[in-house]
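S.K.: Residue numbers (the working numbering), protein chains in the order written: chain H, 219 to 578; chain Z, 288 to 554. Beta carbons are placed, not taken as given, at the ideal position from N, Cα and C, and that holds for glycine.
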């Protein structure tokens, strides 16, 4: 089965900086792929190249098997939703959503039907005669989405569509977008710097840094098995302990972390480590147990509570372990079970939760 | 602001004074409408001058704006920084050339022994008098007004969010359609404003009709000049000035009001 969207060694250079560095990926029909990364990592530029707003410096873009490098944006069947919505201020909501269909010379009747359908999808029926400036940010974004969906594009492109929307609405809208995408089965590329968002909506995600894709996979794959310090740090949070490999076999790796202390981690099935190699052991804050006396795990360290940060549903501890700090996240069951600053505690985790990451 | 208003007020006051032949300094103030009556009541000659002025300036302005728009568009939207710089620098540089120089260059080109005539005669045509015609003045005005129009149009075009144009193209609009449906309507208020500005400048031009009109074509500024300098008819000149300013303001206001009505939608 050939890919619906394929990027082959796509690169873009602006002047002297290489903004997109040999990006390759394949997408199947109906998939939602997220390009995730910090500002300036090249994700938006990649998206714009797919849409046709930027010409690649090298590399190829194939949509449904056809090479589209030389096709201008208005000949590609892609539709983009912009971060700033980009609604036409001098047109009504109806005209905005109908615009793509008018360009495709659809009949009046057809246009009316499809616009109505698109507005239904985003729950904005009845707003046809209003102007963009009369709508709230969230509503405008939904109109932008309806406008893109109305043309039934081969590929839907979303460029940080929820960045300008407040937190609570954002969480609701990302689920709405996902639901619509699923329902229509529309192949979608989503760009965001919000890793929480990426984890929630993606079928697959590609983490980008400095123009390259550093890791791609399903959300759980990328979260559970980060393959670099960058990914471990960028997605979720990670405690990274520096150490040296003492012993390694197929089931477990023993890492010395100084002062005679030893922790254990799962080996990476893709890459074996040698003795004396410097590595990082990555453990997620929420996968750590914290108690006064310890629960018998093989990976355990003793430390002192240096800070207690209460976030309502969760509490975050900063545990001092000699020279480093370990961050531990726990749910708050009740206030009196919280540890206090100055308490001596034992932090423990199972080795299934400890991932080896190359030290850079 | 106030010096201008003050001068304008004095001008208006002057237009109601009686014309004393040969007298320059006002001894006593009077009030009479005879200046207006003489020029616009009894004879219709001056309507001719006014109409010529409006007509010539109008044609020149429309052509200038039409030619300036693509220039301004390129300056803003061109993908090459070099192109932008060259166009913008050229436009601004043209400003620093004095009007007299620009006009004289056209005298050289269009004159009886000028460039055009030399080529025409070489090709076997008769020597033609180009100066002193409406066309010569219009050409001179256009040459003078295009840099102004270009710079004036930069603002409105810049205000059109390029993402809107990209959004339109993304939805299937070709470059032409994008321009007609998105860029043009959104920059229209600015275009109108720039056109009026350029018109106001054009309608008051003096040097261009003076040199290129060769005494055969007059615009209002020239007529006013004659009143002031040749016959010292200050009240008369003032009256003509007031009429010129008045008609221009009236047109600007009228067009502005029409535009406001048409744009109740979104601005």
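What do you get for residue 379 of chain Z, buried or exposed, if any count of 16 or more other CB atoms within 10 angstroms of its CB means buried?
M.R.: exposed
S.K.: Can you give me the C-alpha to C-alpha distance between residue 534 of chain Z and residue 528 of chain Z, rounded to a whole angstrom?
M.R.: Each residue's Cα considered, the two are about 10 angstroms apart.
S.K.: So which residues of chain H does residue 424 of chain Z contact, with C-beta pairs closer than 7 angstroms?
M.R.: Within 7 angstroms Cβ-Cβ: nothing; residue 424 of chain Z doesn't reach chain H, min ~38 angstroms.
S.K.: What residues from the region 433 to 461 of chain Z come within 8 angstroms of chain H, judged by C-beta to C-beta, listed N to C?
M.R.: When CB distances to chain H are screened at a threshold of 8 angstroms, the residues of the region 433 to 461 of chain Z falling below it are 448, 450, 451, 453, 454, 455, 456, 457, 458, 459, 460, 461, in chain order.
S.K.: Tell me the rounded alpha-carbon separation between residue 419 of chain Z and residue 343 of chain Z.
M.R.: 13 angstroms
S.K.: Measuring only the C-alpha atoms, how far is residue 601 of chain H from residue 490 of chain H?
M.R.: A question about residue 601 of chain H goes unanswered here, because the residues of chain H that appear run from 219 up to 578.
S.K.: Return the first residue and the last residue of the alpha helix (DSSP H) that residue 427 of chain H is part of.
M.R.: DSSP places residue 427 of chain H outside any alpha helix (DSSP H); the residue lies instead in the beta strand (DSSP E), whose first and last residues are 422 to 427.
S.K.: Can you tell me whether residue 410 of chain Z sits near the ligand MN, meaning its C-beta is under 8 angstroms from at least one heavy atom of the ligand?
M.R.: Looking at this structure, you won't find the ligand MN or any other ligand, since it has none at all.
S.K.: Please classify residue 525 of chain H as buried or exposed, where buried requires at least 16 neighbouring CB atoms within 10 angstroms.
M.R.: exposed
S.K.: Nearest by alpha-carbon distance to residue 431 of chain H: which of H/260, H/249, H/302 is it?
M.R.: If we check each option's Cα against that of residue 431 of chain H, H/260 comes out closest.
S.K.: Using only alpha-carbon positions, find the residue among H/406, H/362, H/309, H/538 that is nearest to residue 617 of chain H.
M.R.: Residue 617 of chain H cannot be examined here, being either before or after the span of chain H that is shown, 219 to 578.
S.K.: Applying the criterion that 16 or more other CB atoms from any shown protein chain within 10 Å of the CB defines a buried residue, is residue 368 of chain Z buried or exposed?
M.R.: exposed
S.K.: Where do the ends of the alpha helix (DSSP H) carrying residue 551 of chain H lie?
M.R.: First-last for residue 551 of chain H: undefined, no H or E at that position.
S.K.: Among Z/447, Z/506, Z/306, Z/477, whose alpha-carbon lies nearest the alpha-carbon of residue 465 of chain Z?
M.R.: Taking the Cα of residue 465 of chain Z as reference, the smallest distance to any Cα among Z/447, Z/506, Z/306, Z/477 is reached at Z/447.
S.K.: Roughly how many angstroms separate the alpha carbons of residue 434 of chain H and residue 449 of chain H, rounded to a whole number?
M.R.: 10 angstroms
S.K.: Assuming residue 355 of chain H and residue 382 of chain H make a contact with CB atoms under 8 angstroms, what is their CB distance in whole Å?
M.R.: 6 angstroms
S.K.: Using only CA atoms, which one of H/399, H/482, H/425, H/505 lies nearest to residue 411 of chain H?
M.R.: H/425
S.K.: Buried or exposed: which applies to residue 496 of chain H, given that a residue is buried once 16 or more other Cβ atoms fall within 10 Å of its Cβ?
M.R.: exposed
S.K.: So, at 6 angstroms on beta carbons, what are the nonlocal neighbours of residue 219 of chain H in its own chain, with the 5 sequence-adjacent residues on each side left out?
M.R.: The pLDDT assigned to residue 219 of chain H is 49, lower than 50, so where the model puts this residue is not dependable; a value taken from the coordinates is nonetheless given after this. Same-chain partners within the cutoff: there are none.
S.K.: For the candidate residues H/568, H/266, H/352, whose alpha-carbon lies nearest to that of residue 286 of chain H?
M.R.: H/266
S.K.: Output yes or no for whether 9 angstroms exceeds the beta carbon distance between residue 339 of chain H and residue 402 of chain H.
M.R.: yes
S.K.: Consult DSSP for residue 285 of chain H and reduce its assignment to one of helix, strand or coil.
M.R.: Correct three-state label for residue 285 of chain H: strand.
S.K.: Which residue marks the beginning of the beta strand (DSSP E) containing residue 562 of chain H, and which one marks its end?
M.R.: Its beta strand (DSSP E) spans residues 562 to 567.
S.K.: Below 8 angstroms on C-beta distance, what does residue 322 of chain H contact in chain Z?
M.R.: 459
S.K.: With three or more C-beta pairs closer than 8 angstroms as the rule, is the region 434 to 446 of chain H touching the region 560 to 575 of chain H?
M.R.: yes
S.K.: Could you check if residue 536 of chain Z is buried or exposed, using at least 16 other CB atoms within 10 Å of its CB as the buried criterion?
M.R.: exposed
S.K.: Residue 300 of chain H versus chain Z: which residues are under 7 angstroms apart at the beta carbon?
M.R.: 450, 454
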